[in-house]
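Basically this note's numbering = 1-based index in the sequence shown + 719. Here the structure is laid out as structure tokens; the discussion comes afterwards.
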Amino acid sequence: GKAEEAAGAADLVLFVMDGSVALDDKVVEKIHRLDPDRTVVVLNKIDLPVVVSPDGIKSEFPRFRTLEISAKTGEGLESLKRALVDTVGREQLNWIARERVVLNSRLVSLLEQASHYTESLAKSFKEGKHLELLAVEIRDLLACYEEATGKRYSENLLDNIFSRFCIGK
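And the structure:
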């Protein structure tokens, strides 16, 4: 359904369960379909007699971060805040690492292009081509280096960067 679709696209999922109600097989199945790195399983209502124990939750979902809270009394809310910061922070670090690889591959591509232009320029020079043609090849070569060093950018760079963002998350 829509909730599962949204959870799959979310940076962070808080799966809040009522600790005063028995664990349902459908709930267990839903949790196991989530990404453990982006999901925190929260056992709420620990101020009431619990039917689902914190240890039971931890053994049922060993790959997930689990917390116990009482929204009513505030117990465990500091742990929840820390878990949110830890999980979102880790996700941000992963995003930065992925983007750095993308930028590095972009630079490699630009330098490969520059190498191609250099070889072409040397060949054209040896063949005695007109200065106008050499000037065009020199301009293309310089454009690669300027883009690689950040002195200039192309429309493709902006398209590349913005294609990695999903507005609304």
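Cβ atoms here follow ideal geometry from the backbone N, Cα and C, with glycine treated the same way.
Enclosing beta strand (DSSP E) for residue i [first to last residue]
{"i": "Thr868", "result": "First-last for Thr868: 850-868, but that is the alpha helix (DSSP H), not the beta strand (DSSP E)."}
{"i": "Glu724", "result": "Counting along the chain, Glu724 falls outside any beta strand (DSSP E), though it belongs to the alpha helix (DSSP H) covering 721-728."}
{"i": "Asp754", "result": "That residue, Asp754, is in no beta strand (DSSP E); it is neither H nor E in DSSP."}
Nearest-angstrom Cα separation, counted from residue j out to residue i
{"i": "Lys800", "j": "Ser828", "result": "42 Å"}
{"i": "Glu724", "j": "Phe780", "result": "21 Å"}
{"i": "Leu733", "j": "Ala802", "result": "10 Å"}
{"i": "Asp730", "j": "Lys848", "result": "56 Å"}
Endpoints, the alpha helix (DSSP H) within which residue i is located
{"i": "Val769", "result": "Neither: Val769 is in no alpha helix (DSSP H) and is coded neither H nor E."}
{"i": "Asp744", "result": "744-751"}
Residue i, buried or exposed, once every other Cβ within 10 Å from all chains shown has been counted against 16
{"i": "Leu753", "result": "buried"}
{"i": "Ala728", "result": "exposed"}
{"i": "Glu866", "result": "buried"}
{"i": "Lys764", "result": "buried"}
{"i": "Ala841", "result": "exposed"}
Cβ-Cβ separation, residue j to residue i (assumed contact under 8 Å), whole Å
{"i": "Ala741", "j": "Val770", "result": "5 Å"}
Task: Sufficient close CB pairs (3 or more, under 8 Å) joining the region 753-762 to the region 778-790 - done: yes
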